[in-house]
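Here is the structure we will look at, set down as structure tokens.
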Amino acid sequence: MEQILNRIKDKIEIKISTKKRDDLYFFTVEKEQIEFILSYLKEQENFTHLAFMQAVDYLEDGKFQLTYMLYNYKIHINLGVNVLIDRKKAEMFSMHKLWPHIWQYQREIHELFGINFPGSPRVNESFVLEGWEEIPPMRRDFDTLEYSEKTFYQRPGRSTNDPKEYMKEKMYKNYADTPTIRREK
Amino acid sequence: MNRMSENKYKGFEADRSKYPEMKDGKPVIDLESHKYTKIWQGPQHPGVTGNMALELIIDGDEVVDTKTRVGYLHRAFEKLMERRRYIQCFPIVCRICVPEPDTNEYCVSAAMEDLSGIVVPEKAQWLRTLNLEMSRVGSFLMWLGGQAGSIGMGAIGQWTVGMRDFWLDLFEEMTGGRVYHMYMIPGGVRKDLPDGFKDRARDLIIRTRKLLVNIENTFFNNIIVKSRLKGLGIITPEMVDEYGIVGPNARASGRECDIRINNPYVKYGELDIKMITSNGCDAYARAELRYQELLQSLDLVSQILDKIPEKGEIQAKLPNVLHWKIPAGQTYVKAESTRGEHGFYMVSDGSEFPRRVFARGASYTHAISLLEKLAVNISISDTAALMVSLHTCPPEIER
Amino acid sequence: MKKKDINEIEKQMKLANEGLPEKERALFSDARPSSVAPLNKYLEGFLNWARSRSMWMLAFGTGCGATELRPLMTSRFDMSRFGIAPRPTPRQAAIFVVGGYASIKTIKRIVRSYEEMQGPKYVIALGSCTINGGMYYDSYYTINRLDYYIPVDIYIAGCMPRPEALIAGFNRLKEKIRAGECEGMNKYTDNFDWYKKNQKQIIKDWNMPDYNW
Amino acid sequence: MNIWIKILYAIISISVATIYGLILGGFVRKIYARAHGRFGPPIWQPFLDIIQTHGRRVAISHGVMYYLGPVFRLGGGLGTYLFIPVIYGSVVFANFSMAGDLLLVMYFIFFGQLGMALGAGQGGHPYSPLGIARGLAQMSAFEVPFSLAVIAVAIQYQSLNITTIVAAQQGSILNWTLFTNPFAVIAAMISLLGMNMHSPFSIVLAPQEIPIGPPIEMNGSFLGILQTNRGLFAAAKLVLFMNLFFGGATNLLIMVIKTFFIYLVSVIVGASFPRFRPEQSFRFFLKWPTIIGIIGIIFVAYF
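Going down the list, the sequences are from chains A, B, C and D.
The working numbering runs 102 ahead of the 1-based position in the first sequence.
The working numbering runs 4 ahead of the 1-based position in the second sequence.
The working numbering runs 861 ahead of the 1-based position in the third sequence.
The working numbering runs 336 ahead of the 1-based position in the fourth sequence.
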């Protein structure tokens, strides 16, 4: 695996690369390089299986992180390729020429995150949402609780407690601030 | 009958010559011409597996075009997890896949442990292996009934689902829950095995094996079963990578992809486990392969029962879970469910709440792109059998 | 995020299959459903007895509750002992078992299937998620209370309810039917506008007929 | 004989047959349940179902043919039954047997299906025409071996009157067509499997494929009539088979025993096989059963 990483490093510049486990590596590339690096990994390095493709919303940084998780059947290693794209101009190249089934993920991300994939087949079809009028729900600035309370009728009598406060009140009342359970700093 | 048994891989490409028009590799279907009928199979249809729908366009009895429609079970788990603490995420994940919830539990616990660097004690790992393998048995039993039921043989379903219920009883003894177990909490497992559990489990294995002999005689050696399932839904070896096929569906096409062997997790590395593959590529080969795996799972359960240490810790020391902050990072943990690779991708940003959790279900590609590809030019009576033979489970598609 | 004003919906609503395109409107009935009064005491009592002994259930697994229906149908718990049988089409079914949480997309189908069923019809709602949302109380896509959209006769609590609990629920429904208390269908037709208003509030693209009778 | 007495007898006979057919249906459900390893519904469950379906307060209709469909079906069932002498030598159960009634009965077996096809077609559900197409095609397929068997019987006894055919089989068990012409009986029994629509020939109702096919839109009383007919029609078919091939019956008890065992054949096959694809089913009937039927005719004609 180290050799493969070195070979990739010869070709392009990798910003961050981490080894999570023996069989799991991650690295981050630029948006423009993604088409090249994925086809290189698939054709040359036998990372033929695309396990999934997903997006993470970094609202604070104004970025979306897209992850392509590849798998190599020969050396049994997972490799995650991360790309950061701008949140304001959320657009990404479609990879359906490499893996025909990736259009599903692109359709899902298009619907739930609002990222565009120009050229991806059936990307505008509805996946799970039907008649959705709000912003894409998986974005961090969409508050699901608020929406649920506004839209659906609540049955009275349901109460929610903040677990931290609630436990402090109920369980650790007697020994105030010196609980026996180790706390993290 | 065995339309595709000869020339297996050549004859696969759908014969589109009959259709009036082809544009960009897709048939143009004019519903106004009264030649075609559009039928929704599902969500209210006894033939579909769970709450999903197939939008079929049929020409007489033959399916011309298929589209899978999902989203009827969307509960937005991933969104809900973003606003729950790590330990609160744990009890909701098992709802993602109902017939086999333990894989979800394991994956999410293991992802948390992986991110925060907790090492699970030996005995807890053995108990996890036992739980995972038992859930595979239950799920396979249910699937076997479903496959038989989809071609109209109700008796097998009655037997296997009845037998699965006794496995659920074992689960209840072990974990306290029948369907949802919430057993493999982060850091270990909740409980030790009750007294006499091993004997009862071994007894049940013997009973299940007896039943399976009957099923082999009545189902797998049945000539009508063979005539219906052979040649149905052929997955060529080239399609495995193209469509991201995993699990038994890929193994029945000759691909060696079992996560338990390739990337051993929990204690699978210490068990005597063999890769089962087949070259049949069709629905019957998949059914037979799953049957073999069921037998293997039963064997593994008894191996695990022999190997579980009597004494030992079952819980690692955790920080106070209510304000448990996991260091920033990302990880992907996968396990082999009965449908194939089941994985959780978890991103933490160092706070008390996960930044993003994604559940990768095997049915995601099986039920949508693969099924849409396979369910063309088959008889409408085969759609249910084909869908079951891919072992689709809608809740893990839309989560 | 703008919430649609309920009164606004009410004002717009004329309830004559307005959600359908012009061409399809002719295909569906535009007669408003009306409630049907029970017959005289003895005849209705006899029919109720027969209804309670032969309960045809719609085979529509709407949620994870459907998993526990399978053991109930098969050899371990065998619900056919009590005369409960699954029917594959809503026209013939009398009992609708709503299996757990209902997403917006499913509630549309639930409403439609419910209206296609011929009365008298009964609804059993499984699981905590139909009562108050359960563990999906804050989800943007699952409803919290089922009884605002269709009338519910029996709730079975739990996540998920065990088959024994289901049998107990069915038995309770039997008692209620025999006592003549299950008039859910008349309740629905009497408060038709209210139910439709609630349904249209969550189902944003209303493209089905208003009357599915 | 006075025509009114005749009609009274016919009504008695029809009621007995319907009740027997329905109880038989309940019993069959019980047998299936035992094969599945469960208790199953009580045997009077079909009666409760019929009361319940008639007790529906609302019944949607799709037009005139939709009303007439179940009526035609019931008419087909009644017609089939009314021209079969149920019990040999009995006045009450003789029905309207006459010379050439065998042809009439075979016509009526088809008639109900056609009526049903018209009615179900007006329901408008896309699964109805699918089911009807399957049903009629299968019907044409299993009529071939059945007709061959009936022709063989007619040649053998030189008659198209069922009473005569039964009379010829009296005396000894060896006089039954089962022993005098086994080929025709085998062909006919195989087509009975198709007629009873248990697996593997349950392609019309196939709940996993086309949820119960033609009657998918039927509800309330329409369905109640269909279910009543199912009891009556089952009894009529079984009695016909008993008369043609198994020596008829001289009293009700023998009739019950014989028809039950004839029905058991389809039940045993049905419980242990899955369902054919439609085209497999059609091909099946046109292959071996047809050949056996032809052998049956040759056997009768030349030996």
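Ideal placement from N, C-alpha and C gives every residue a C-beta, glycine not left out.
Inset, instruction - Assign serine 141/A to one of two classes, buried (16 or more other C-beta atoms within 10 Å of its C-beta) or exposed (fewer than that). - result: Classification for serine 141/A: exposed.
Inset, instruction - Return the first residue and the last residue of the beta strand (DSSP E) that phenylalanine 482/D is part of. - result: Here phenylalanine 482/D belongs to no beta strand (DSSP E); instead the alpha helix (DSSP H) covers 463-493.
Legend entry - glutamine 662/D classed as buried or exposed, judged by whether at least 16 other C-beta atoms fall within 10 angstroms: Here chain D has residues from 337 to 639 only, and residue 662/D is not among them.
Legend entry - Closest Cα partner of glycine 373/D within the set Ala607/D, Ile631/D and Ser617/D: Nearest C-alpha to glycine 373/D: Ala607/D.
Legend entry - Neighbour flag for glutamate 213/A against chain C, beta carbons, 8 Å: no
Inset, instruction - Using alpha carbons as the reference points, say which of Trp380/D, Ser464/D and Tyr443/D lies closest to isoleucine 43/B. - result: Minimum Cα distance to isoleucine 43/B is reached at Ser464/D.
Inset, instruction - May I ask you to list the residues that DSSP assigns as paired with lysine 1048/C? - result: According to DSSP, lysine 1048/C bridges with nothing at all.
Inset, instruction - Inspect the CB distances between the segment 400-414 of chain D and the segment 453-461 of chain D and report whether three or more fall short of 8 Å. - result: yes
Inset, instruction - Measure the CB-CB distance between alanine 946/C and methionine 978/C and report whether it falls below 8 Å. - result: no
Inset, instruction - Report, in whole angstroms, the separation of the C-beta atoms of glycine 333/B and serine 352/B, which I expect to be a contact under 8 Å. - result: 6 Å
Inset, instruction - Quick one: give me the first and last residue of the beta strand (DSSP E) that phenylalanine 166/A is part of. - result: For phenylalanine 166/A, the enclosing beta strand (DSSP E) has its first and last residue at 165-174.
Legend entry - Beta-carbon gap between asparagine 174/A and phenylalanine 149/A smaller than 8 Å: yes
Inset, instruction - Could you check the C-alpha separation between proline 223/A and arginine 73/B for me, to the nearest Å? - result: 16 Å
Inset, instruction - Give the DSSP-derived three-state secondary structure of alanine 542/D in the structure shown. - result: Alanine 542/D carries a coil assignment under DSSP once its states are collapsed to helix, strand and coil.
Inset, instruction - Can you check the segment 281-335 of chain B for any alpha helix (DSSP H) of at least 4 residues that lies completely inside it and give the ranges in chain order? - result: 287-311
Legend entry - Closest by C-alpha distance to cysteine 98/B, when choosing among Arg87/B, Val112/B, Met279/B and Asn225/B: Val112/B
Legend entry - contact_flag[the segment 918-926 of chain C, the segment 1060-1074 of chain C] where n(CB pairs < 8 Å) is 3 or more: No, because fewer than three Cβ pairs between the segment 918-926 of chain C and the segment 1060-1074 of chain C fall closer than 8 Å, the two stretches do not touch.
Inset, instruction - On the DSSP bridge assignment, give the partners of leucine 58/B in chain order. - result: Gln45/B and Thr72/B
Legend entry - Outcome for proline 220/A when other beta-carbon atoms lying within 10 angstroms are tallied against a minimum of 16: exposed
Inset, instruction - Please compile the residues from chain B whose C-beta is within a distance smaller than 8 Å of the C-beta of proline 951/C. - result: Gln48
Inset, instruction - For asparagine 674/D, go through chain C and note every residue whose CB falls closer than 7 Å to its CB, in chain order. - result: Only positions 337 to 639 of chain D appear in this structure, which leaves residue 674/D out of reach.
Inset, instruction - Identify the contact partners of alanine 371/D in chain G, using a Cβ-Cβ distance below 8 Å as the criterion. - result: Although the question refers to chain G, the structure presented lacks it and instead comprises the protein chains A, B, C and D.
Inset, instruction - Establish whether the CB of alanine 453/D and some CB of chain B are separated by less than 8 Å. - result: no
Legend entry - Contact with chain A by methionine 862/C, beta-carbon distance below 8 Å: With a pLDDT of 35 at methionine 862/C, under the threshold of 50, the predicted position of this residue should be treated as unreliable, and no value is reported.
Inset, instruction - Kindly list the residues whose CB is nearer than 6 Å to the CB of glutamate 17/B, restricted to its own chain and excluding five residues on each side of it in sequence; keep chain order. - result: Because glutamate 17/B carries a pLDDT of 44, less than 50, the predicted location of this residue cannot be relied on, and no value is offered for it.
Inset, instruction - Between the Cα of glycine 237/B and those of Val392/B, His78/B and Tyr40/B, spot the shortest distance and give me the residue it belongs to. - result: Val392/B
Legend entry - Residue range of the beta strand (DSSP E) that includes tryptophan 917/C: 916-919
Inset, instruction - Anything in chain C within Cβ reach of alanine 80/B, meaning under 7 Å, just list it in chain order. - result: Ser1000, Tyr1001 and Tyr1002
Legend entry - CA nearest to the CA of lysine 1061/C, picked from Phe907/C, Lys966/C and Ala898/C: Lys966/C
Inset, instruction - State the start and end residues of the unbroken alpha helix (DSSP H) segment that holds histidine 372/D. - result: 339-372
Legend entry - CB contact flag (isoleucine 367/D, valine 603/D, <8 Å): yes
Legend entry - Secondary structure of alanine 159/B, DSSP reduced to three states: helix
Inset, instruction - Could you tell me if asparagine 263/A is buried or exposed, where buried requires 16 or more neighbouring beta carbons within 10 angstroms of its beta carbon? - result: By the beta-carbon neighbour count (other beta carbons within 10 angstroms, threshold 16), asparagine 263/A is exposed.
Inset, instruction - Please classify leucine 439/D: is it buried, with 16 or more other beta-carbons within 10 angstroms of its beta-carbon, or exposed? - result: So leucine 439/D ends up on the exposed side.
Inset, instruction - Can you pull the chain C residues whose beta carbon is under 7 Å from the beta carbon of arginine 409/D, in chain order? - result: Within 7 Å Cβ-Cβ: nothing; arginine 409/D doesn't reach chain C, min ~16 Å.
Inset, instruction - Could you please give the first and the last residue of the uninterrupted beta strand (DSSP E) stretch that includes methionine 554/D? - result: No beta strand (DSSP E) contains methionine 554/D, which DSSP labels as neither H nor E.
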